[in-house]
Every structure is written in structure tokens, then in C-alpha cells.
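Going line by line, the protein sequences match chains F and X.
Numbering of the first sequence is given in our numbering, commencing with residue 1 and proceeding in unit increments.
Numbering of the second sequence is given in our numbering, commencing with residue 1 and proceeding in unit increments.
Backbone N, C-alpha and C fix where the C-beta goes; we use that ideal spot for every residue, glycine too.
Working notes for the structure below.
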Amino acid sequence: MSSLPWLQHLIIVPVLLPLVAGALLIPINQKRHALKFGVGLASGVLLWVVAVALLLMADGGHWPGGIGVYLASNWVAPFGIALMVDRLAALMLVLTATIALAVLLFSAQRWDRVGVSFHSLFQFLLMGLNGAFLTNDLFNLFVFFEVMLAASYGLVLHGYNLRRIQAGMQYIAVNLVASLLFLIGVSLIYAATGTLNIADLSTRVAGLGAQDAWLLQVGAAVLALAFLTKGAMWPLGFWLPTTYASASAPVGAMLVLMTKVGVYAVLRVWLAVFGDQAGDLGGFGFAALTVGGMATLVFGAIGMLASQDGGRMAGYGAIISSGTLLAVIGHSGSAVLASGLYYLLGSTLAMAAFMLLIELTERIRPPGAALIAITMEAFAIEDKPEDPVGVGMPGTLAFLGLSFAACALVIAGMPPLSGFVAKFSLFHAMLAASSADAGGVPGTTWLLIALMVVGGLAAIIALMRLGVRTFWASGVVTPPRLQVSEAAPVAALVIACVLLTVQAEPLFDYLGRTVEGLLHGGGYAERVLGEPAVQRVSGAEAVR
Amino acid sequence: MELTLALAIGVVFGAGIWLVLRPRTFQLITGLLLMSYAVNLFIFAMGRLWVDKPPITPTPDIDPAQFADPLPQALVLTAIVIGFATTALYLVMMIGARGLSGSDHVDGEEPRE
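Have a look at this one:
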């Protein structure tokens with residue numbers, strides 16, 4: 001009896017582990033939150049270890065081409081569901097596990113007791129996220145999206161109050177409709193090509209007849225609508241700021257990750273299906289991504305300037321980051337991919353840290369301060385200087401201020417942190433890609449660069465205003481009482497951003513290899529479709 | 001047959017869209033249900049329309065062109081289950097919103113006149 005080498009089973013662990021942990025957590029009584037938290041944290045730590053192991057295996061030549069394939073139920077690829085881990089999927093798994101660990105630790109102090117079943121829902125959310133990153137089948141992707149969304153519906157309502165219900169009503173309705181669009185897109189693609197396996201799809205695109213090719217384009221466009229609703233491209237992202245602003249802090253941090261799933265899905269499907277191997281259909285829809293991404297950038301920048309509270313600002317920040325990613329990928333495609341992924345990492349970590357941080361800084365401001373600040377600004381009343389608080393600044397305030405500044409620098413893309421490195425390398429890659437063509441750099445490249453700079457400027461203005469109002473102009477500043485378990489996760493995420501900057505070179509090497517693996521579409525399809533099923537040796541042979 | 005089915009799906013989906021855009025939660029959920037019925041029919045139709053053809057055969061050496069495509073039937077089953085579950089979830093949340101806000105408007109409050 002031959003079997004898979006046990007290491008191969010690691011690929012399915014990021015899906016199974018949270019499922020089992022979440023299910024185990026359900027019967028445990030809500031009063032035993034230490035135990036519940038322990039189980040959740042153990043699962044989180046294990047997930048992180050597995051994700052790092054998968055990353056090392058994908059990058060370390062454990063699998064040919066850096067692509068590991070796991071055939072669920074031992075069905076060969078186009079017929080059964082194939083899970084696939086490559087460098088990109090592994091990277092997203094590590095990012096998810098890192099943010100999840102920080103969020104779990106953060107919620108231990110207070111948030112996991114605000115409502116029931118926080119930890120179970122959180123595990124199911126992780127399962128959906130990990131599954132969406134790992135799967136190589138469009139319908140399976142739908143299933144994991146639904147797992148993720150169903151868990152997020154519960155989490156958005158966590159700490160049930162009127163504001164959350166009002167936001168949740170819209171969030172859930174929008175996503176239910178998006179799921180229906182997802183189904184329409186998937187079934188149209190199936191009708192056109194007869195397959196749902198992404199690798200199989202990539203090999204069949206070039207040989208489609210005119211009518212089927214047309215059907216595939218319609219299907220892919222409808223599918224993109226569903227992805228981009230999650231990825232919050234304008235005009236599909238109106239639900240996002242309200243949801244972010246009303247969700248509890250830990251949930252908000254996870255929502256940041258969920259918008260990136262939409263972008264990831266677009267990236268994964270488009271690069272595989274509409275890449276160079278697609279013949280006439282190659283590059284389909286990239287122009288729409290560019291225009292949509294630019295519009296998203298403008299929408300996010302305006303929204304960020306207009307918003308008053310931190311949660312809403314974070315929401316628009318996430319929209320800016322999605323818009324930037326979509327626009328640069330649509331505009332320059334593979335040339336900017338490595339820089340785009342670097343930007344994705346940095347901005348996701350910083351936004352997650354920012355979501356957690358806002359909740360901590362809001363404790364500084366006395367109740368009602370937010371309202372006063374709005375009226376002050378509306379009537380342009382000069383704030384009378386209060387007693388200086390600079391002398392003997394308490395540790396907590398210094399910590400909050402520094403973390404806030406670090407997050408703001410990354411989000412706005414100012415030096416010296418990773419946001420700047422990301423934007424600089426994006427500009428560089430875009431200009432290098434465009435100037436290779438004859439006739440100089442086209443106007444759209446300059447427009448996109450200008451929009452990104454303006455977006456960064458809007459972000460820094462809005463964040464500075466929020467920072468000034470929170471730390472300097474909020475009257476009597478009483479240092480909030482912070483627990484280590486609340487401060488440590490924020491600090492860890494900020495340090496991760498700093499590490500991204502310091503270790504930019506090895507990271508860019510890794511991302512370069514990632515992109516190389518992604519673009520060799522042929523090798524990818526052969527790896528997935530060529531993965532042999534485990535042979536079952538008959539009883540007689542086994543005895544011999 | 002194709003035309004009838006296409007029209008039916010279109011009418012049901014159109015009615016669903018109209019209802020989803022209405023302001024009351026009951027209309028919204030009815031619209032979502034109608035849309036999901038239409039989508040389920042649509043998935044089913046994407047396996048091409050067949051009459052009197054079994055989807056699965058126990059005998060291996062038979063011309064597969066004589067059989068209906070079983071995959072959309074499996075897909076539609078999954079879609080029905082998931083759609084049903086998420087709609088039920090939404091229903092629970094609607095009841096909660098009605099209890100907490102005292103209004104069945106989708107904004108969670110009565111519109112200001």
C-alpha cells in the first residue's frame with residue numbers, strides 16, 4: 001500500500017486545522033474563555049508554523065517548479081478538486097496567519113467576551129481565507145468565499161449594537177448579491193470551456209471557438225464583478241467604509257485581509273487564464289482594471305479627506321490600497337507584479353495595525369470629543385491651547401503616537417518605511433516597462449503615477465489631521481490604561497512593517513521568483529494536471 | 001424549450017432585482033430568494049438542456065454523448081444548500097434588526113420625511 005509522503009498533507013492543514021478547532025470550540029461553554037482562547041491561539045500558532053513551512057517548501061525546491069499539488073480524495077486534477085500551493089499562495093497564508101495571531105492576542109483582553117462564539121467564527125473565517133488562497137478550482141473558490149463570508153457576517157455583528165446591525169444589513173445584502181454573480185460567472189465559464197479547474201482552463205482558452213470565447217469573456221467579466229465587490233473597486237465598494245467603521249477593532253483588522261482576497265482572486269484567475277498563453281484573449285479586461293483602479297484611487301482619496309473618524313478613514317485607506325494594486329496590475333501587468341505584491345504586504349500589515357490602534361487611541365479622547373472636533377472644524381474655531389502634556393510623556397502615549405506615525409507613514413507611502421519602498425519600486429517598474437516601448441512613456445502612466453502621489457498626499461493629510469486631533473488637540477489627555485496583550489500585537493505588526501523595509505532585498509528576490517513562477521503559465525498547468533493520483537496496490541501485490 | 005427557460009430565468013431574476021432595490025427588508029429577502037432561484041436554474045441550464053437523458057450510468061462502455069452532464073447538477077445542489085444557509089442567516093439578522101431598531105427599513109431606521 002503506497003501512500004502520499006506525509007509532508008504532502010501539509011497543504012490541506014491550513015483548511016482542516018481551523019475547521020477542527022472551530023468545531024471543537026462550539027460546545028465549550030462561553031464562561032471558560034481562557035480555554036477557548038487557548039484553543040484558538042494554539043490553532044493560530046500551528047497555522048503560522050504550517051504556513052511558514054509551506055513557504056519554505058515552495059521556495060526551497062521541495063516541489064518541481066515550486067508548485068505543490070494536493071489532490072483531494074485522490075482524484076486526478078481536472079476531475080477532482082486540486083489544492084495548489086505556490087510561492088504566492090504560501091506568502092498569503094503567512095500574511096493571514098501573522099495578522100490572525102496578532103488579532104487573536106489583541107482580542108483576548110476584551111473583545112472575545114463581547115459576544116458569543118467569537119473564537120469559532122474566527123477559526124471558520126481563517127478556514128475560508130486559507131481555502132480561497134489554496135484552491136485551484138473555481139467552484140471550490142466559491143465555496144471557500146462563502147465559508148469566509150458566512151463567518152464574517154457573524155463577526156461583523158460581533159458586539160451586537162444598532163450601528164453594527166445597520167452596517168451589517170448592507171454588508172450582507174451586497175455580498176449575497178455578489179455571491180449570486182459569482183455563480184453566474186462560474187457557470188458561464190463552465191458552459192464555454194467545460195472545466196472549472198483553473199489550470200485546465202488556462203490550457204483551453206487559446207483553442208476556443210469564437211462563440212465560446214465570447215461566452216468565456218462574459219463569464220469572466222461577471223466573475224470579476226463578484227471578486228471586485230470584495231476587493232472594493234469603485235463603484236462596487238460603497239459598502240466598505242461603513243462596515244469598517246462599525247465593526248469591532250479585531251474584526252476590522254481581519255476585514256482588511258478580506259479585501260485583499262478579492263484582489264488575490266482577480267490576480268490568480270487573470271494571470272492564469274488571460275496570460276500570454278491565451279492567444280487572442282490574452283490581456284482581456286486589463287484596461288477595465290486600470291480605469292476602475294484609478295477611479296477607486298480617486299474615490300478613496302476624496303473619502304479619506306472627507307472622513308472624520310478613524311474607522312472610516314481606515315476603510316478609505318483600504319480602498320486606496322486596493323485601487324492602487326488594481327490600477328498598476330491592469331496597467332503594466334507582469335512587469336510591476338513583484339512591486340505590487342510588496343505593496344500588498346506592507347499596506348495590509350499597516351492597515352491591520354491601524355485598525356487595532358484606532359480602538360486604543362479612541363480611549364484617549366474623552367467621550368464626545370469626536371463630535372466637538374467636527375463642530376470645531378466646521379466653524380473654524382481656534383482651539384485654545386491646553387496645558388502642555390509633552391513633559392514626562394507617559395509610555396503609553398509615546399507608544400501609541402509612534403505606532404500611529406509608523407502606520408501613517410506606511411499607508412501614505414512616505415519614507416523611510418515600506419510604503420515608500422513599495423511606491424518607489426512601483427513607479428520605477430512602471431516607467432521602465434513603458435519606456436521600453438517606442439514613443440516614450442504614455443500619458444496614462446504619468447496619470448497613474450500622479451494619482452498615486454495625490455492619493456498618498458490625501459492619506460497623509462487626513463492621517464495627520466486625525467493624529468493632531470487625537471494626540472495634541474483633544475484637551476486633557478489622560479493616558480489610557482493599556483494591557484501588554486493589547487499593545488504587543490500592534491507593536492508586532494508595526495515591527496513587521498519595519499522588517500519589510502529592512503529586509504526589502506531578500507523579499508524582492510523572493511517576490512521575483514514568485515512572479516516568475518506565476519508567469520510560466522505552461523509549467524503551472526502541467527504541474528497541476530500532471531500530478532499523479534496515489535496508486536492503490538492490490539491486496540495480492542501488497543502481500544508479495 | 002431554450003426560449004421558454006431563458007425567458008423564465010430572465011423574468012424571475014428581473015423581479016428579484018426590482019425587489020432587492022426596494023426599501024423594506026421583507027422585499028429585500030424575497031428579492032434575494034427569487035434571484036437565487038433564477039441563478040440555480042441558470043447553472044442547471046449551463047449544462048445544456050436535455051430531455052429523458054440519465055446523468056449517471058453504471059455501465060462504463062457507453063457513448064457519453066447520450067447522457068446529461070452531471071456536473072452542473074452537482075454544482076446546483078451545492079449552490080442551493082449554500083444559498084439557503086446564507087439566506088436563513090440573513091433572515092435571523094433581519095429579525096434581530098427589527099427587534100433592536102423597531103423598523104423594517106433596510107437602513108435600520110425610518111427615513112426622515
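Taken in chain order, the whole alpha helix (DSSP H) runs of length 4 or more contained in the segment 211–255 of chain F are 239–246. DSSP, read as helix, strand or coil, puts N161 (chain F) in coil. When DSSP states are grouped into helix, strand and coil, A82 (chain F) belongs to the strand group. Looking only at F:V498, F:F144, F:L157 and F:A272, the smallest Cα-Cα distance to A249 (chain F) is reached by F:L157. Contacts with chain F (Cβ-Cβ distance below 8 Å) from the segment 64–76 of chain X involve L71, P72 and L75, listed in chain order. In the structure shown, H119 (chain F) falls within a helical segment according to DSSP collapsed to helix, strand and coil. Considering only beta carbons, the part of the segment 20–48 of chain X lying closer than 7 Å to chain F consists of V20, L28, L32, M35, S36, V39, F42, I43 and M46, in chain order. The segment 119–137 of chain F makes no contact with the segment 284–304 of chain F; the number of CB pairs closer than 8 Å stays below 3.
The residues S179, F182, L183 and V186, in chain order, have a CB closer than 8 Å to that of F142 (chain F) in the same chain once the five nearest residues on each side in sequence are set aside.
When the beta-carbon positions are compared, V85 (chain F) and I198 (chain F) stay at least 7 Å from each other. Per DSSP, reduced to three states, the secondary structure at N40 (chain X) is helical. One Cα belongs to V13 (chain F), the other to S347 (chain F), and the distance between them is close to 27 Å. Annotation: V441 (chain F) is outside any beta strand (DSSP E) and is labelled neither H nor E by DSSP. For the segment 476–507 of chain F, the full-length alpha helix (DSSP H) segments reaching 4 residues or more read 484–502 along the chain.
For a Cβ distance threshold of 9 Å, nothing in chain F lies close to M1 (chain X): the least Cβ distance comes to about 16 Å. The count of Cβ pairs closer than 8 Å, one atom from the segment 63–71 of chain F and one from the segment 103–116 of chain F, stays below three, leaving the stretches out of contact.
Boundaries of the alpha helix (DSSP H) around V76 (chain X): P70 to S101. For the C-beta of G14 (chain X), not a single chain F residue is nearer than 7 Å; the gap to the nearest is close to 13 Å. For G68 (chain F), the pairing in a beta bridge is given by DSSP as F:V85. Among the residues of the segment 80–104 of chain X, those with a Cβ less than 8 Å away from any Cβ of chain F are I82, G83, A85, T86, T87, L89, Y90, M93, M94, G96, A97, L100 and S101, in the order of the chain. Ranking F:N140, F:F118 and F:I165 by CA distance to the CA of A151 (chain F) puts F:F118 first. In the structure shown, R204 (chain F) adopts helical secondary structure according to DSSP, grouped into three states. Spatial neighbours of S36 (chain X) in its own chain (CB-CB distance under 6 Å, excluding positions within 5 residues in sequence) are listed in chain order as G83. Counting the other Cβ atoms within 10 Å of the Cβ of Q66 (chain X) gives fewer than 16, which makes it exposed. The alpha carbon of P72 (chain X) has as its nearest neighbour, out of F:Y190, F:L134, F:L17 and F:G154, the alpha carbon of F:Y190.
Taking I26 (chain F) as the centre and dropping the five residues before and after it, the same chain places the C-beta of S120 closer than 6 Å to its C-beta, in chain order. The beta-carbon separation of V410 (chain F) and A350 (chain F), rounded to 4 Å, stays under the 8 Å limit for a contact. Exclusion of the five residues before and after T242 (chain F) leaves A167 as the residues of its chain whose Cβ lies within less than 6 Å of its Cβ. Of F:S321, F:A288 and F:D137, the smallest CA-CA separation from M304 (chain F) is found for F:S321. Annotated three-state conformation of N197 (chain F) is strand, per DSSP. DSSP, read as helix, strand or coil, puts H105 (chain X) in strand. Between the alpha carbons of I95 (chain X) and W18 (chain X) lies a distance of about 22 Å. Of the candidates X:L7, X:L33, X:D104 and X:R24, the residue whose Cα lies closest to the Cα of A45 (chain X) is X:L7. Your pair A245 (chain F) and G311 (chain F) checks out as a contact, with CB atoms roughly 4 Å apart and the cut at 8 Å. DSSP, reduced to helix, strand and coil, places D137 (chain F) within a strand of the structure shown.
Taking C-alpha positions only, P489 (chain F) is separated from A173 (chain F) by approximately 32 Å.
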